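Read through the structure below, which is laid out as structure tokens, and then see the notes.
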Amino acid sequence: MDVPSSGSLPDDVFHDRCDAIIRSVSTVIDGKTEAVRLALTVLLAEGHLLIEDVPGVGKTMLARALARTVDSTVSRVQFTPDLLPADITGVSVYNQNTREFEFKKGPVFANILIGDEINRASPKTQSALLECMAESSVTVDGTTYELETPFIVVATQNPIEMEGTYPLPEAQRDRFMARISMGYPDAAAELEMLRSRELSSPLDALTPVVSVDQLRELIATVRRVYVSTAVEEYAVAIAQATRRDPEVRLGASPRATLHLVRAAKARAAIDGRDFVLPDDIDALAVTVLAHRMIPARHSAQASTVLTGHSIADVIERIVAETPVPVTAAAS
Numbered sequence: 037m038d039v040p041s042s043g044s045l046p047d048d049v050f051h052d053r054c055d056a057i058i059r060s061v062s063t064v065i066d067g068k069t070e071a072v073r074l075a076l077t078v079l080l081a082e083g084h085l086l087i088e089d090v091p092g093v094g095k096t097m098l099a100r101a102l103a104r105t106v107d108s109t110v111s112r113v114q115f116t117p118d119l120l121p122a123d124i125t126g127v128s129v130y131n132q133n134t135r136e137f138e139f140k141k142g143p144v145f146a147n148i149l150i151g152d153e154i155n156r157a158s159p160k161t162q163s164a165l166l167e168c169m170a171e172s173s174v175t176v177d178g179t180t181y182e183l184e185t186p187f188i189v190v191a192t193q194n195p196i197e198m199e200g201t202y203p204l205p206e207a208q209r210d211r212f213m214a215r216i217s218m219g220y221p222d223a224a225a226e227l228e229m230l231r232s233r234e235l236s237s238p239l240d241a242l243t244p245v246v247s248v249d250q251l252r253e254l255i256a257t258v259r260r261v262y263v264s265t266a267v268e269e270y271a272v273a274i275a276q277a278t279r280r281d282p283e284v285r286l287g288a289s290p291r292a293t294l295h296l297v298r299a300a301k302a303r304a305a306i307d308g309r310d311f312v313l314p315d316d317i318d319a320l321a322v323t324v325l326a327h328r329m330i331p332a333r334h335s336a337q338a339s340t341v342l343t344g345h346s347i348a349d350v351i352e353r354i355v356a357e358t359p360v361p362v363t364a365a366a367s
């Protein structure tokens, strides 16, 4: 259908498409509706998603299922220690017939790039994604190439096994709008998984439920969700508090504040509202901010301070202590 003149889809069309995506992905990811909703939130907010959890809980399955719900160009890269930057961005190749160099596009030239086990590649290769994720472009041999729109990276990583892995640097983590964890399924969901996947993978039956043009319409609708000045000030106050907190060495960046508001707009739209509430900011604060922050003193696990408080605990405390503007609460 054509995009309305305002650029926003009718509410029923928007919700039908969102529900179709959630239902489709949920047929593959058993019992993880909240993780699916968060993944859709990042997709509609034009962000990049980092799925971090232990092996075997469905990180790659979620990434592939989300990509299959959209009829768009999709590339998948298995990150390994011997992967080179050119293997991702592309390389200039000399054509003997024309006696000129021709640029051969890499897998990054797609609407959705699935990066499996991104922390297994070297820092040099990881850095090849910095420009792509921040500016939606690639510069090779002095020439800049624009990427397709929308461009979304869905990456997975294992936080436990460190042998043969390279932790993502702060600049790389800050490019990701949100980090989510899958968690183990409950007993009923795990039992259903055993029964449904005995003969085939549920991915085989997954088909696109929206086109890339329809996805662009969804994104355009999210962009027009209203954010009051009071809510913006509330988000900034939370970000500022993370930079002053004595338990935090590196607080949330200005990009994190921008991502928090964008994700809140997508959450509001999915919930059927055309305006953002402070509750949207509160609900997404840990998901959007935690992976960007570094505790002042930490143990072997980078996200845990020696006092036993995790970064998530610190963010939740900051959110609870930050006053909600009366005008924001009444929006």
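To convert, take the position in the sequence shown, counting from 1, and add 36; that gives my numbering.
By construction, the Cβ of each residue, glycine as well, lies at the ideal position given by its N, Cα and C atoms.
Every value quoted in this text rests on a predicted model; they were computed, and no experiment measured them.
Task: Euclidean distance between Cα positions of T109 and R303 - done: 25 Å
- [ ] Could you tell me which of V93, P46, A101, V72 sits nearest to T243, measuring between CA atoms?
- [x] Measuring from the Cα of T243, the nearest candidate turns out to be A101.
TODO: Using a threshold of 8 Å, state whether the C-beta atoms of L85 and T257 are closer than that.
DONE: no
Open item on the list: Run through the DSSP bridge pairs and tell me what P331 is partnered with.
Closed with: DSSP, once it has assigned bridges, lists V284 as partnering P331.
Task: Straight-line Cα distance separating Q132 from R215 - done: The alpha-carbon separation between R215 and Q132 amounts to approximately 46 Å.
- [ ] Put V106 into one of helix, strand or coil per three-state DSSP.
- [x] strand
Task: Cβ-Cβ distance between S172 and Y181 below 8 Å - done: no
Task: Residue range of the beta strand (DSSP E) that includes R215 - done: 214-216
- [ ] Count the CB pairs spanning the segment 288-305 and the segment 313-322 that are closer than 8 Å, and state whether there are at least three.
- [x] yes
Open item on the list: Is I216 near the ligand COA - that is, is its Cβ less than 7 Å away from at least one heavy atom of it?
Closed with: What this structure holds is no ligand at all, so the ligand COA is not there to describe.
Open item on the list: So the candidates are L230, F187, M229; which of them puts its Cα closest to the Cα of R211?
Closed with: F187
Open item on the list: Helix, strand or coil for T358? Go by DSSP, reduced to three states.
Closed with: DSSP places T358 in coil when its eight states are reduced to three.
Task: Cβ pair V322, I351 closer than 8 Å - done: yes
TODO: Any chance you could list the alpha helix (DSSP H) runs of at least 4 consecutive residues sitting entirely within the segment 203-282, in chain order?
DONE: 206-209, 223-232, 248-259, 265-280
Open item on the list: Closer than 8 Å is the cut-off here; do at least three beta carbon pairs connect the segment 253-270 with the segment 47-54?
Closed with: Yes, the segment 253-270 is in contact with the segment 47-54.
Open item on the list: Distance check for R285 and I330, CA to CA, integer angstroms please.
Closed with: 6 Å
Task: R156 beta carbon less than 8 Å from that of S328 - done: Checking the sequence, you will find Arg at residue 328 rather than Ser. Their beta carbons are not under 8 Å apart, which means R328 does not touch R156 by this criterion.
Open item on the list: Would G411 and D222 be called neighbours here (beta carbons separated by less than 8 Å)?
Closed with: With the chain represented from 37 up to 367, any question about residue 411 goes unanswered, as that position is not in the structure.
Task: Cβ-based burial, Q193 [other Cβ within 10 Å; buried from 16] - done: Flag for Q193 reads buried.
Open item on the list: Quick check: what's the CA-CA separation for P259 versus E184?
Closed with: The identity of residue 259 in the sequence shown is Arg, whereas the question assumes Pro. Computed Cα separation, rounded: 18 Å.
Task: V350 (DSSP reduced to helix, strand or coil) - done: helix
Task: Nearest residue (CA-CA) to A164, options A266, P121, P282 - done: P121
- [ ] Tell me whether T175 sits in a helix, a strand or coil according to DSSP, three-state version.
- [x] The three-state reading of DSSP puts T175 in strand, counting E and B together.
- [ ] Report back the beta-carbon spacing between I58 and R73 to the nearest angstrom; my notes put them in contact at under 8 Å.
- [x] 6 Å
Task: Residues of its chain near L149, where Cβ-Cβ distance is below 6 Å and the 5 sequence neighbours each way are ignored - done: S111, V189
Open item on the list: Measuring straight from C-alpha to C-alpha, what distance separates E234 and V113?
Closed with: 27 Å
Task: Under the three-state DSSP convention, the category L165 falls into - done: Helix.
TODO: Determine, using beta carbons only, whether D107 and V267 come nearer to each other than 8 Å.
DONE: The beta carbons of D107 and V267 sit no closer together than 8 Å.
Task: Within 8 Å, strictly: CB atoms of V61 and T105 - done: yes
TODO: Go through its chain and collect everything with a Cβ distance to V272's Cβ below 8 Å, but skip five positions before and after it.
DONE: T293
Task: Exposure of E206, with buried meaning 16 or more beta-carbon neighbours within 10 Å - done: Burial call: exposed.
TODO: Can you give me the start and stop residues for the alpha helix (DSSP H) that L80 sits inside?
DONE: First-last of the alpha helix (DSSP H) with L80: 69-80.
TODO: Under 7 Å Cβ to Cβ from L119, same chain only, skipping five residues before and after it: list those, please.
DONE: A157, T161
Task: Local conformation of D372 per DSSP, three classes - done: Outside the modelled stretch of the chain, which goes from 37 to 367, sits residue 372, for which no answer is possible.
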